[in-house]
Amino acid sequence: MKERLKVGDLEITDEYKILGDKASIKEVAQELLKLKKGIVIVLDKAKEPVGVIYPQVIMQRIANGEDVTKLEARDIVDKNILILNKTDDFEKRTGDITLYAPAAILVNDKEGKLVGYLSPSDYKKALKMITK
Numbered sequence: 026m027k028e029r030l031k032v033g034d035l036e037i038t039d040e041y042k043i044l045g046d047k048a049s050i051k052e053v054a055q056e057l058l059k060l061k062k063g064i065v066i067v068l069d070k071a072k073e074p075v076g077v078i079y080p081q082v083i084m085q086r087i088a089n090g091e092d093v094t095k096l097e098a099r100d101i102v103d104k105n106i107l108i109l110n111k112t113d114d115f116e117k118r119t120g121d122i123t124l125y126a127p128a129a130i131l132v133n134d135k136e137g138k139l140v141g142y143l144s145p146s147d148y149k150k151a152l153k154m155i156t157k
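Sequential numbering from 26 applies to the sequence shown in my numbering.
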């Protein structure tokens, strides 16, 4: 019998940086620039994910004439996230991913600690793996 693909088997440890919800937009932008491609995951004081920030969000605010220098990460965070466990069967969770259409898929370990981010490109690769 073929081994089922677990979320933790996927490439989840790249393409993100973590910042607190009070980080300045300058800090967020600096981290995004270091990544080249990816997101910033924003955590609250309790170290729980509250959402994510994509580069486009900052650019959109600037393009709309907003002064982003006075904003903090929590002011522009996208809270539409789905959190999976790294031991979850990937194929069984694809329904939730389709249903909720999250801005980002974050991955926790069994203790509930954040351990990764499933990027759209990694998600597509995983779908190809289970449809072979």
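Note that beta-carbon positions come from the ideal geometry of N, C-alpha and C, so glycine has one too.
Nothing here was measured: the structure is a model prediction, and the numbers come from that model.
Enclosing beta strand (DSSP E) for residue i [first to last residue]
i: residue 79; result: Careful: residue 79 lies outside any beta strand (DSSP E) and carries neither H nor E.
Bridge partner(s) assigned by DSSP for residue i
i: residue 74; result: 68
i: residue 97; result: 49
i: residue 57; result: Looking at the DSSP assignment, residue 57 forms no beta bridge with any residue, so it has no partner.
i: residue 132; result: 109, 141
i: residue 62; result: Its beta-bridge partners do not exist; DSSP assigns none.
i: residue 44; result: 67
Proximity winner among the options, relative to residue i (alpha-carbon distances)
i: residue 68; options: 138, 109, 134, 36; result: 138
i: residue 128; options: 115, 103, 108; result: 103
i: residue 40; options: 47, 56, 136; result: 56
i: residue 72; options: 117, 140, 49; result: 140
i: residue 118; options: 60, 45, 83, 155; result: 155
i: residue 45; options: 97, 135, 145; result: 97
Residue range of the unbroken alpha helix (DSSP H) whose run includes residue i
i: residue 153; result: 145-155
i: residue 108; result: Residue 108 -> not in any alpha helix (DSSP H); beta strand (DSSP E) instead, spanning 106-110.
i: residue 172; result: Missing from the structure shown is residue 172; the chain here goes from 26 to 157 and no further.
| said: Assess contact between the segment 70-77 and the segment 97-117, defined as three or more Cβ pairs (one per stretch) separated by less than 8 Å. Is contact present? | reply: yes
| task | Tell me, please, whether the segment 29-43 touches the segment 108-120 by the rule of three or more beta-carbon pairs shorter than 8 Å. | result | yes
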